[in-house]
Amino acid sequence: MSQPAGTHPLLATNGNLRRRHAVNRAVEISAWIAALLAVAVLALVITSVAVKGISSINIDFFTKNTANFGGGGIGNAIVGSAIIVGVATLMAVPLGILVAIYTSEFAGQRSAFAIRYVLDILNGVPTIVTAIFIFGLIVVPQGKQSGFAGSVALAIVMLPLIARSCHEVLTLVPGAVKEAGLALGASRWRTTLSVVIPTAISGMITGALLAVARAAGETAPLLLTTSIFPDLVQTSPGQAIPNIPVTIFKYSESPDPTKHAQAWGAALILILFVLLISIIARTFSARTRRRLGAAR
Amino acid sequence: MPRSPGEAESAPRPPESQTMSGPPAGIEEMHATRHVRLEDLNAYYGSNHAVKDVNLSFEPGRVTAIIGPSGCGKSTMVRCVNRMHEEIPGARSDGHVLLDDVDLHASNVDVVSVRRLVGMVFQKPNPFPTMSISDNVASGLRFTGTPRGEISDRVESALEGAGLWNEVKDRLSSPGMGLSGGQQQRLCIARALAVEPDVLLMDEPCSALDPVATLKIEELIGQLKEKVTIAIVTHNMQQAGRVADTTAFMLDGELIEVGPTDKMFTTPDDDRTEQYVTGKFG
Ligand SMILES: Nc1ncnc2c1ncn2[C@@H]1O[C@H](COP(=O)(O)OP(=O)(O)OP(=O)(O)O)[C@@H](O)[C@H]1O
Ligand SMILES: [Mg+2]
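Keeping their order, the protein sequence lines are chains A and B.
Note that numbering that gives the first Met the number 0 gives residue 139 to position 140 of the first sequence, counting from 1, and the numbers run on in steps of one.
Note that numbering that gives the first Met the number 0 gives residue 79 to position 80 of the second sequence, counting from 1, and the numbers run on in steps of one.
Structure, rendered in structure tokens:
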């Protein structure tokens with residue numbers, strides 16, 4: 000601002016303008032610092048897990064089963080986690096999507112609001128409470144832990160996430176597009192299936208993927224339902240199934256330093272999986288945004 | 000606009016060869032025969048009485064324009080004709096909408112068959128965002144269970160009917176959203192025509208378009224009126240003058256006056272009509 004204060008109003012410098020610049024700058028800088036801090040925390044977590052875990056990652060780590068002492072790997076835990084989360088996804092995704100379709104397309108304003116409110120509460124329930132609930136509902140009557148019980152507990156964690164995120168993208172589909180379907184003689188269901196869902200599908204996939212990422216790392220629901228397992232590959236949901244989060248938990252309590260390193264290694268695998276899922280989810284959500292942007 | 004009222008109808012049609020290449024069936028063979036009569040029609044949004052005791056008919060072979068200031072109930076009235084009004088929560092209507100002699104609101108009339116016979120084109124072009132050009136046109140046919148084998152012929156003839164075939168025939172499988180605004184609106188007209196409706200409702204179909212695209216649609220209306228009974232809502236007085244044979248003027252939910260377009264714009268019976276068409280209010 001070394002301009003000499005001329006007579007032209009555009010060139011006049013005054014305190015007000017300077018103050019606005021200063022405030023603007025201050026806000027910009029603090030927002031920037033806050034963003035940097037958030038990124039730094041994530042980077043710190045990932046690098047420290049990577050540094051501590053990378054040494055235990057080799058082929059054996061993926062192919063060998065869990066063991067109480069010495070070597071071994073987490074092969075059976077990876078397979079088990081995939082099964083538990085897969086079964087949970089099969090339960091939560093269809094149900095969550097149906098709930099979202101109901102609240103966004105069919106329910107009256109009041110019941111849609113009530114259902115969304117309930118979903119928000121369900122989302123806020125601590126996962127250990129969900130775990131105790133399933134423990135009482137499935138594990139106690141059956142007299143044993145099972146992968147299925149773990150899946151049900153994870154599905155309860157996933158359901159509100161999926162239903163809410165799918166509801167949001169479904170309501171983004173412009174009303175004009177729905178009207179076009181109805182005006183062509185399609186029923187509400189037909190319009191929803193042929194027009195609304197295809198328009199919102201990538202956003203719905205994003206929601207489902209993020210719920211999968213969240214469920215993959217959930218520990219509390221599995222501790223009470225599927226944590227007492229032999230060091231073998233177990234694929235039957237009727238039995239307790241080995242899984243990554245409980246393995247991390249057990250290994251980190253072990254007195255054996257190799258097990259500590261393996262706990263870090265398993266944590267690294269888990270974080271990489273979550274990162275991968277998030278990146279895939281991002282690409283889907285970018286696609287939805289393009290599509291809905293075009294429909295506006 | 001350098002055109003005088005009535006010129007659009009007499010504008011030279013595109014050469015016949017353009018439609019000769021098409022299949023024999025479909026749009027070319029349609030003839031406007033259906034009469035729409037509104038009798039004592041009332042429509043409400045909750046307690047808001049938006050359309051009051053309207054009596055009006057849409058004649059086959061003639062274009063009926065509905066004019067009136069914003070909020071006077073034009074859209075609400077035409078949306079009663081294809082029963083889209085009832086889709087809005089809290090909305091209801093009474094009175095009669097007769098297609099020839101059948102009441103469209105009768106309990107034994109299925110809303111799906113109403114909407115097959117009465118097509119609609121909206122204010123903003125609204126092609127289905129995930130569908131290609133040809134899928135957009137085919138969508139109504141698929142909703143109503145048209146045999147697979149017939150679809151591609153009917154898509155072609157609908158696109159020809161909407162004057163869009165030559166512009167899109169080489170990219171039928173590209174997205175409908177990739178077209179210009181005017182092309183998208185003609186795509187929506189083609190989509191409505193594909194199910195071969197007897198009546199076509201157009202709610203301000205040109206208000207989002209530039210003058211050239213508007214002119215194209217007006218020419219299209221001139222050609223289509225032989226094939227379907229057309230009612231068009233418009234804010235544009237010149238447009239009503241160019242495309243409509245009959246004009247109806249609404250104010251505050253009431254139908255004030257209806258008559259031949261020339262008369263409505265030169266010597267209307269009602270003072271309010273005169274004031275509106277001469278731009279004194281609204
Ligand atoms: N979805 C709705 N819910 C409640 N009231 C509505 C709704 N749509 C329209 N109305 C009301 O009904 C009346 C008539 O509206 P309508 O849309 O039919 O007017 P219009 O003549 O088409 O106006 P415009 O020329 O601006 O499109 C207005 O008072 C409007 O506020
Ligand atoms: Mg309107």
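C-beta atoms are modelled at their ideal positions from N, C-alpha and C, and glycine is treated no differently.
With a 10 Å radius around its C-beta and 16 neighbouring C-beta atoms as the bar for buried, classify residue i as buried or exposed.
{"i": "S20/B", "result": "Reliability of the predicted coordinates at S20/B is poor, the pLDDT of 38 falling under 50, and the value obtained from them is presented with this limitation in mind. Label assigned to S20/B: exposed."}
{"i": "I132/B", "result": "buried"}
{"i": "P23/B", "result": "Bear in mind that a pLDDT of 39 at P23/B, under 50, signals an unreliable position, so the number given afterwards is only what the model happens to contain. With fewer than 16 other Cβ atoms within 10 Å, it is exposed."}
{"i": "S69/A", "result": "Looking at the sequence provided, one finds Gly at residue 69/A rather than Ser. Classification for G69/A: exposed."}
{"i": "L7/A", "result": "In the sequence as displayed, the identity of residue 7/A is His instead of Leu. With fewer than 16 other Cβ atoms within 10 Å, it is exposed."}
{"i": "R290/A", "result": "buried"}
{"i": "R170/B", "result": "exposed"}
{"i": "I120/A", "result": "exposed"}
{"i": "W188/A", "result": "exposed"}
{"i": "L299/B", "result": "Nothing can be reported for residue 299/B, as the shown portion of chain B is limited to 0 through 281."}
{"i": "N125/B", "result": "buried"}
{"i": "V194/A", "result": "buried"}
{"i": "L178/B", "result": "buried"}
{"i": "L16/A", "result": "exposed"}
{"i": "R281/A", "result": "exposed"}
{"i": "F228/A", "result": "buried"}
{"i": "Y116/A", "result": "exposed"}
{"i": "A112/A", "result": "In the sequence on display, residue 112/A carries Phe and not Ala. Exposed is the call here."}
{"i": "R2/B", "result": "With a pLDDT of 42 at R2/B, under the threshold of 50, the predicted position of this residue should be treated as unreliable, and no value is reported."}
{"i": "N242/A", "result": "buried"}
{"i": "A76/A", "result": "buried"}
{"i": "A243/B", "result": "buried"}
{"i": "H30/B", "result": "exposed"}
I'd like to confirm something about residue i: is its beta-carbon nearer than 7 Å to some heavy atom of ligand 1, or not?
{"i": "K73/B", "result": "yes"}
{"i": "S69/B", "result": "yes"}
{"i": "I66/B", "result": "no"}
{"i": "N47/B", "result": "yes"}
{"i": "I87/B", "result": "yes"}
{"i": "Y275/B", "result": "no"}
{"i": "Y101/A", "result": "no"}
{"i": "Y116/A", "result": "no"}
I want to check one thing, is the minimum distance from the CB of residue i to the heavy atoms of ligand 2 below 7 Å?
{"i": "E167/A", "result": "no"}
{"i": "E203/B", "result": "yes"}
{"i": "V120/B", "result": "no"}
{"i": "V232/B", "result": "yes"}
Contact defined as beta carbons within less than 8 Å: I believe residue i pairs with residue j. What is the distance between those atoms, to the nearest angstrom?
{"i": "V110/B", "j": "T75/B", "result": "So it is not a contact: roughly 17 Å between Cβ atoms."}
{"i": "A207/A", "j": "V92/A", "result": "5 Å"}
{"i": "T246/B", "j": "V35/B", "result": "16 Å between Cβ atoms; not a contact."}
{"i": "A148/A", "j": "V138/A", "result": "5 Å"}
{"i": "A230/B", "j": "I65/B", "result": "7 Å"}
{"i": "G359/B", "j": "N235/B", "result": "The structure shown does not extend to residue 359/B, since chain B spans only 0 to 281, so no value can be given for it."}
{"i": "I114/A", "j": "T102/A", "result": "5 Å"}
{"i": "L231/A", "j": "N64/A", "result": "6 Å"}
{"i": "D100/B", "j": "R33/B", "result": "Contact flag wrong, Cβ pair sits at about 11 Å."}
{"i": "S106/B", "j": "A42/B", "result": "S106/B to A42/B, Cβ: 19 Å. No contact."}
What does residue i pair with, by DSSP beta-bridge criteria?
{"i": "D102/B", "result": "L97/B"}
{"i": "A90/B", "result": "Y44/B"}
{"i": "F248/B", "result": "I66/B, E256/B"}
{"i": "T228/B", "result": "V198/B"}
{"i": "V22/A", "result": "According to DSSP, which records beta bridges pairwise, V22/A is partnered with nothing at all."}
{"i": "R36/B", "result": "S56/B, L97/B"}
{"i": "G240/B", "result": "In the DSSP output, where bridge partners are listed per residue, G240/B has none listed."}
{"i": "V117/B", "result": "V198/B"}
{"i": "S80/A", "result": "According to DSSP, S80/A bridges with nothing at all."}
{"i": "S300/A", "result": "There is no way to answer for residue 300/A, as the model of chain A reaches only from 0 to 295."}
{"i": "V211/B", "result": "Note: V211/B sits in no beta bridge, so no partner."}
{"i": "S131/B", "result": "P174/B"}
{"i": "V110/B", "result": "Beta-bridge pairing links V110/B to no other residue."}
{"i": "V176/A", "result": "V176/A pairs with nothing; no bridge assigned."}
{"i": "V50/B", "result": "A42/B"}
task = Jot down the residue ranges of each uninterrupted alpha helix (DSSP H) in the region 208–252 of chain A, minimum 4 residues, whole runs only, in chain order.
result = The region 208–252 of chain A contains these whole alpha helix (DSSP H) runs: 219–222, 243–252.
query = Quick one: complete alpha helix (DSSP H) runs, 4+ long, within the region 123–174 of chain A?
reply = 126–133, 146–171
Ordered list of alpha helix (DSSP H) runs contained in the region 61–121 of chain A, each at least 4 residues = If we require 4 residues or more, the alpha helix (DSSP H) runs fully inside the region 61–121 of chain A come out as 74–100.
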